[in-house]
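Undergrad: According to this note's numbering, the sequence shown is numbered sequentially starting from 2.
One structure follows; several queries about it will come next.
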Amino acid sequence: MRGETIPAKDLTKLTRAENFDDYSGVKLVDESKARGTAVDAVAGENWIKFADAQLGGGVSTFTASAAKAGGGDGAIQIRLDSPTGPLVGTARVTSTGSVYTYAPTSTSIRGASGRHDVYLVFASGLRLVTFTLT
């Protein structure tokens, strides 16, 4: 007997960071004092994984909503198939001054097509709410 076939993830739609499939060095935190959930990098290898994503003929842009309070700027690396896999883009996140102040960031993506596990790797003190790959 055959079960239901689960389709590949579509990361071209606005994706909540909290909907990851696997992780290391992160925790779920309040997006704001009123509502919502964000992902906060806390220590060591900080990454979240989105398994079996369909990137089709290729994606060219990563856009995210992120916060970085103090301690300088941060970055979100977009990698394929493992946290140390091929680096296809790096989005810079400038300090927003507060963990509750989110700002958009984006970067060009190179060499990402077909089906892959997508890893977002980022440093401590950076909070991520949503992202898209288009």
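Ideal placement from N, C-alpha and C gives every residue a C-beta, glycine not left out.
Nothing here was measured: the structure is a model prediction, and the numbers come from that model.
In the DSSP assignment, find the unbroken beta strand (DSSP E) run with G90 in it and report its ends.
TA: Where G90 is concerned, the enclosing beta strand (DSSP E) stretches over 88-94.
Undergrad: Could you check which residue in T6, S25, A92 has the C-alpha nearest to that of S61?
TA: Here the closest residue by C-alpha is A92.
Undergrad: Which residues in the same chain as Y24 place their Cβ atom closer than 6 Å to its Cβ, once the five residues preceding and following it in sequence are excluded?
TA: Cβ neighbours of Y24 beyond the five flanking positions: I49.
Undergrad: Determine the DSSP secondary structure at A18, reduced to helix, strand or coil.
TA: A18: helix per DSSP, three-state reduction.
Undergrad: Quick check on V122: does DSSP put it in helix, strand or coil?
TA: Reduced to three states, the DSSP call for V122 is strand.
Undergrad: Among the residues of its own chain, which have a CB less than 7 Å from the CB of G57, if the five just before and after it don't count?
TA: Here the set comprises S114.
Undergrad: Would you call the segment 6-15 in contact with the segment 24-40, where contact means no fewer than 3 C-beta pairs closer than 8 Å?
TA: Touching, no, given that fewer than three Cβ pairs across the two stretches are closer than 8 Å.
Undergrad: Measure the beta-carbon distance from P105 to S66 and round it to whole angstroms, keeping in mind my assumption that it falls under 8 Å.
TA: P105 to S66, Cβ: 6 Å. Contact.
Undergrad: Using a threshold of 8 Å, is the CB atom of G115 nearer than that to any non-hydrogen atom of the ligand FAD?
TA: The ligand FAD is not among the ligands present in this structure, which contains no ligands whatsoever.
Undergrad: Between R111 and the rest of its own chain, which residues show a CB-CB distance below 7 Å, the 5 nearest in sequence each way excluded?
TA: Hits under 7 Å: V89, G90.
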